[in-house]
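K.L.:
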Amino acid sequence: MDDLTANRYGNPMTNISNGLVRPYDPDRDRNDIERVWRECGWIEADNKAHLTSFLTEVDAADATVFEEAGHAEALVLVTPGTFCQGLKDLPLAGVTALNTSRVARKRGIAARILAAAIARAFAEGAVVSALGVFERGYYDRLGYGAGTYVHTAQFDPVRLAVPRLDRAPERIPLSDWETVHQARLAIPARHGTMKLTDPRITKAEMERFQNGFGLGFRDGATITHCLWIDAGTGEEGPYVVAFTAYSSLTQYVELMALLAALNDQIRQVRVVQAPGTQIEDFLRQPYQGQNTTRGGAFEERIDVSAHWQLRIGNLEAAVEALGGCGSAWQVNLRLSDPVARFLTEDAPWTGIGGEYTLTLGEECSVAAGMSTGAPGLECDVAAFSRYWMGAVSAEFLQATGAFRCGVDTARKLDETLALPRPDRGWDF
316 MDDLTANRYG NPMTNISNGL VRPYDPDRDR NDIERVWREC GWIEADNKAH LTSFLTEVDA
376 ADATVFEEAG HAEALVLVTP GTFCQGLKDL PLAGVTALNT SRVARKRGIA ARILAAAIAR
436 AFAEGAVVSA LGVFERGYYD RLGYGAGTYV HTAQFDPVRL AVPRLDRAPE RIPLSDWETV
496 HQARLAIPAR HGTMKLTDPR ITKAEMERFQ NGFGLGFRDG ATITHCLWID AGTGEEGPYV
556 VAFTAYSSLT QYVELMALLA ALNDQIRQVR VVQAPGTQIE DFLRQPYQGQ NTTRGGAFEE
616 RIDVSAHWQL RIGNLEAAVE ALGGCGSAWQ VNLRLSDPVA RFLTEDAPWT GIGGEYTLTL
676 GEECSVAAGM STGAPGLECD VAAFSRYWMG AVSAEFLQAT GAFRCGVDTA RKLDETLALP
736 RPDRGWDF
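Sequence positions in the sequence shown follow this note's numbering and run 316 to 743.
1. Skipping 5 residues on each side, what residues in its chain have a beta carbon closer than 8 Å to that of R444?
2. Where does the unbroken alpha helix (DSSP H) through P406 begin, and where does it stop?
3. Please report the distance separating the alpha-carbon of F449 from that of G688.
4. Name the residue from Y453, T397, E388, E359 whose alpha carbon lies nearest to the alpha carbon of V654.
5. Which residues in the same chain have their Cβ closer than 8 Å to the Cβ of D729, if we skip the five residues on either side of it in sequence?
6. Output yes or no for whether 8 Å exceeds the beta carbon distance between Q605 and R616.
7. Since G668 sits in a beta bridge, which residues does DSSP pair it with?
8. Judging by CA-CA distance, which residue of A575, L489, N346, A430 is the nearest neighbour of A387?
9. When the Cα of G691 is compared with those of Y554, T731, D723, which residue comes out closest?
10. How long is the line joining the alpha carbons of T463 and S620, rounded to whole angstroms?
11. Compute the distance between the beta-carbons of V351 and A389, then report whether it is under 8 Å.
12. May I have the straight-line CA-CA distance separating G639 from A733, to the nearest angstrom?
13. Less than 8 Å between the C-beta atoms of P590 and T512, yes or no?
14. Could you tell me which residues DSSP pairs with A560 in its beta bridges?
15. Quick one: what does DSSP say E485 is sitting in, helix, strand or coil?
16. Give me the Cβ distance between V556 and L542, rounded to the nearest whole Å; I'm assuming they're in contact under 8 Å.
17. For I594, which residues from the same chain have a beta carbon less than 8 Å from its beta carbon, with the 5 sequence-adjacent residues on both sides left out?
18. Using the DSSP secondary-structure output, state which residues sit across from E520 in a beta bridge.
19. On the DSSP letters alone, give me the boundaries of the beta strand (DSSP E) that I617 sits inside.
20. Which whole-angstrom value is the C-beta distance of A498 and I538, which I expect to be below 8 Å?
21. What are the boundary residues of the beta strand (DSSP E) that W644 is part of?
22. A438 lies in the alpha helix (DSSP H); which residues open and close that run?
23. Starting from S700 and walking both ways along the alpha helix (DSSP H), at which residues does that stretch end?
24. Can you tell me the Cβ-Cβ gap for G531 and H540, rounded? I've got them flagged as a contact below 8 Å.
25. Whole angstroms is fine: what's the gap from W741's alpha carbon to H506's?
26. So the candidates are F524, V336, E631, T508; which of them puts its Cα closest to the Cα of L673?
27. Determine the direct distance from the alpha carbon of R719 to that of G684, and round the result to whole angstroms.
28. Please classify I348: does DSSP put it in a helix, a strand, or coil?
29. Determine the DSSP secondary structure at Q566, reduced to helix, strand or coil.
30. Determine the closest residue to A369 out of L475, S416, A519, K421, with distance taken between C-alpha atoms.
31. In the DSSP assignment, what residue or residues form a beta bridge with M509?
32. Checking 8 Å against the spacing of the C-beta atoms, do Q583 and P553 come in under that value?
33. Suppose contacts are defined by Cβ-Cβ distances below 8 Å. Is L413 in contact with A430 by that definition?
34. Can you tell me which of the three DSSP states E631 falls into?
35. Which residue's Cα is closest to the Cα of D471: H496, T607, A504, S490?
36. Please classify T674: does DSSP put it in a helix, a strand, or coil?
Below, the structure is given as structure tokens:
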């Protein structure tokens, strides 16, 4: 039985709604998945390079499709990376693509192929999985909990209050994608920072825009810091900064100065707030700009949305990565995991639901079974993952009913771990 007649578990392909879940086959599925991406609005007919880079078969990526009537009608792509918990990088399964065709909607297909893909990733060593969302709530049923707000600012670059650029930038061509990827990996890690390790992901992001271009700085052959920008089609912008790469915030400030140097013609740029920064610190009179441009073609504003989610797949490794404070104490955790209902019985990983004793303090651990006399906490994986990464407090989760425990227990959870809010940095 070869890889194309078996699923990733080495067993006969899984039946779903009279269809099959199996590995992606580039010769067999390429045209079908191109059609799916066009139907989803992810690519246009004359820009296929972005899709090709995503689907290039490499060991670092795991692509799974749903086949029905001889055609691939859905695809999920999982790419390895890291998630920084405190100062410790944990293996991450980044869901970089999940698409369902117009004829395969509302049948649970996307949920099932995603569950199959992350089951394999967790069985092979991933500790957490993360993804971008089109709407809040859909991925909760697979145990994903909402992350923190991402801030996106759009403004006239003339407002940038940064030192004047004192040297000319260099053009960064698409052919430098591998070096650009290394520059992205050099971004300093903070709590919550996510990075994808496969360099083809950076190539795909650079190819996404038909009018994309790069500007930055080098030290010999090494790109030290750079921007990749979507120029769009307007003479005056907006320019959308797809990503930044840098190894220090001093370099990041120089990249902001690079944007400011474009202000003679470009009337708007859009930038995602970088980890460890506050975008308004870079802007002169930001509220004046927002008030005077409201409703105009180049409206200035700062938008926020929590359009990413994360779930734990290896509870023991996730808890051990926590660093608390104070003397150790225990909590009886009853954890439910809804992902199991989307998995077959022979899946290599079936979720992390169960009853556990959490030991929290300077060193944290988890063990199967409950301890006599310890306070109780009942929740699902999505809620626990949100608390674990610091997206929201235990007291907030208790107040909203996501954590079923006493108020004192919730407050002690917050006091023991005192987690900073995650700042993910890498958008996917």
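All residues carry an ideal CB built from backbone N, CA and C; glycine is no exception.
P.N.:
Answer, in terms of the structure:
1. According to the sequence displayed, residue 444 carries Ser and not Arg. Within the same chain, Cβ atoms closer than 8 Å to the Cβ of S444 are found at V393, L407, A408, G409, V410, I433, A436, F437, Y459, L625, R626, G628, the five residues on either side in sequence being excluded.
2. Per DSSP, P406 is not a residue of any alpha helix (DSSP H); the beta strand (DSSP E) it occupies stretches across 403 to 415.
3. For the pair F449 and G688, the Cα-to-Cα distance works out to about 43 Å.
4. Minimum Cα-Cα distance from V654 among the listed residues Y453, T397, E388, E359 corresponds to Y453.
5. Same-chain partners within the cutoff: S708, A709, E710.
6. Yes, the Cβ-Cβ distance between Q605 and R616 is below 8 Å.
7. In DSSP, G668 forms no bridge with anything.
8. Of the listed residues, the one whose Cα sits closest to A387 is N346.
9. The candidate whose alpha carbon is nearest that of G691 is D723.
10. Here the C-alpha atom of T463 lies approximately 8 Å from the C-alpha atom of S620.
11. Going by beta carbons, V351 and A389 fall inside the 8 Å limit.
12. Using only the alpha carbons, I get a separation of about 7 Å.
13. No, the pair does not count as a contact, with Cβ atoms beyond the cut-off.
14. According to DSSP, which records beta bridges pairwise, A560 is partnered with C541.
15. It is a strand residue.
16. Separation of the CB atoms of V556 and L542 is rounded to 6 Å, and the pair is thereby assigned contact status at 8 Å.
17. Around I594: H466, A468, V586, Q588, I617.
18. Answer by DSSP bridge pairing: none, since E520 is not bridged.
19. 616 to 620 is the span of the beta strand (DSSP E), which, as asked, contains I617.
20. Yes, A498 and I538 are in contact; Cβ-Cβ is about 5 Å, under 8 Å.
21. Membership of W644 in the beta strand (DSSP E) is indicated by the continuous run 644 to 651.
22. Residue range 424 to 438 is occupied by the alpha helix (DSSP H) that includes A438.
23. Counted as a single uninterrupted DSSP element, the alpha helix (DSSP H) harbouring S700 occupies residues 696 to 704.
24. Confirmed, Cβ separation roughly 6 Å.
25. Answer to the nearest angstrom: the Cα atoms are 13 Å apart.
26. Answer by Cα proximity: E631.
27. Computed Cα separation, rounded: 18 Å.
28. If DSSP states are grouped into helix, strand and coil, I348 belongs with the helices.
29. Helix at Q566.
30. In the sequence as displayed, the identity of residue 369 is Phe instead of Ala. Considering only alpha carbons, the answer is A519.
31. Beta-bridge partners of M509 (DSSP): F398.
32. Against a cut-off of 8 Å, the Cβ pair of P553 and Q583 comes out as a contact.
33. Contact flag unset, no.
34. If DSSP states are grouped into helix, strand and coil, E631 belongs with the helices.
35. Nearest of H496, T607, A504, S490 to D471, Cα basis: T607.
36. Of the three classes helix, strand and coil, the one that applies to T674 here is strand, per DSSP.
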